[in-house]
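What follows is a single structure, written as structure tokens, with notes after it.
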Amino acid sequence: MNAAARLLNQGTLLSRSWVVSIFLTREQLPFLTMIAAVLISGLSVIYMTNTTRSLNASIQQTVTERNRLHVESGQLLLERSTWTMQARIQNEAEGQLGMVIPDNKSVVVVNE
8 MNAAARLLNQ GTLLSRSWVV SIFLTREQLP FLTMIAAVLI SGLSVIYMTN
58 TTRSLNASIQ QTVTERNRLH VESGQLLLER STWTMQARIQ NEAEGQLGMV
108 IPDNKSVVVV NE
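Those letters in the sequence shown? Residues 8 to 119, per this note's numbering, in order.
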């Protein structure tokens with residue numbers, strides 16, 4: 008008990024150099040630090056590679072969606088121009104609504 012109390016009072020039991028000297032020698036410390044740095048670097052590379060791949064997949068999906076919407080927009084513009092052609096409107100008016108073009112005798116011009 009006296010030996011343990013003496014070590015605590017001297018501070019050698021809890022000192023940092025004591026912990027390092029038990030587990031590592033001075034020659035091993037730089038080597039283990041380098042191994043830890045290499046492991047952290049490797050894990051960082053793996054994480055960044057995975058993140059880059061997922062972002063590239065997301066970009067590819069977005070570009071595909073943009074191209075699909077661009078094609079659909081072109082088709083809708085073509086359909087709109089088809090529906091607004093004068094001949095198409097006249098055919099629809101005559102066929103579905105029974106409208107006819109009035110002859111000159113039926114036309115009344117109102118002057119103000």
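Even for Gly, the Cβ is constructed at its ideal location relative to N, Cα and C.
Next on the checklist: Extract the residue ranges of the alpha helix (DSSP H) inside the segment 22-79, only unbroken runs of 4 or more that lie entirely within it.
Outcome noted: 23-30
Next on the checklist: Suppose you measure from the CA of G81 to the CA of R95; what does that come to, to the nearest Å?
Outcome noted: Here the question's residue 81 lines up with position 74 in the sequence shown. Here the question's residue 95 lines up with position 88 in the sequence shown. Cα to Cα, the separation comes out at about 20 Å.
Item to check | Distance between beta carbons of E99 and V107, contact taken as under 8 Å | outcome: Mapped onto the sequence shown, residue 107 falls at position 100. Mapped onto the sequence shown, residue 99 falls at position 92. About 13 Å separates the two Cβ atoms, so there is no contact after all.
Checklist entry - For S88, does the three-state DSSP call read helix, strand or coil? => result For the purposes of this step, residue 88 is identified with residue 81 of the sequence shown, where counting begins at 1. S88 falls in the helix class under three-state DSSP.
Item to check | Alpha-carbon spacing of T69 relative to T56, whole angstroms | outcome: Counting from one through the sequence shown, the residue named residue 69 turns up at place 62. Counting from one through the sequence shown, the residue named residue 56 turns up at place 49. Going from the Cα of T69 to the Cα of T56 covers about 20 Å.
Next on the checklist: Measuring only the C-alpha atoms, how far is V114 from L85?
Outcome noted: Against the sequence shown, residue 114 aligns to sequence position 107. Against the sequence shown, residue 85 aligns to sequence position 78. For V114 and L85, the distance between alpha carbons rounds to 35 Å.
Item to check | Alpha-carbon to alpha-carbon, I47 and L39 | outcome: Residue numbering aside, residue 39 sits at position 32 when the sequence shown is read from its first letter. Residue numbering aside, residue 47 sits at position 40 when the sequence shown is read from its first letter. About 12 Å.
Checklist entry - By Cβ distance below 7 Å, which residues in the same chain neighbour R75 in space, the five residues on each side in sequence not counted? => result Residue 75 sits at position 68 when you count from the first residue of the sequence shown. Excluding positions up to five away in sequence, the list is empty.
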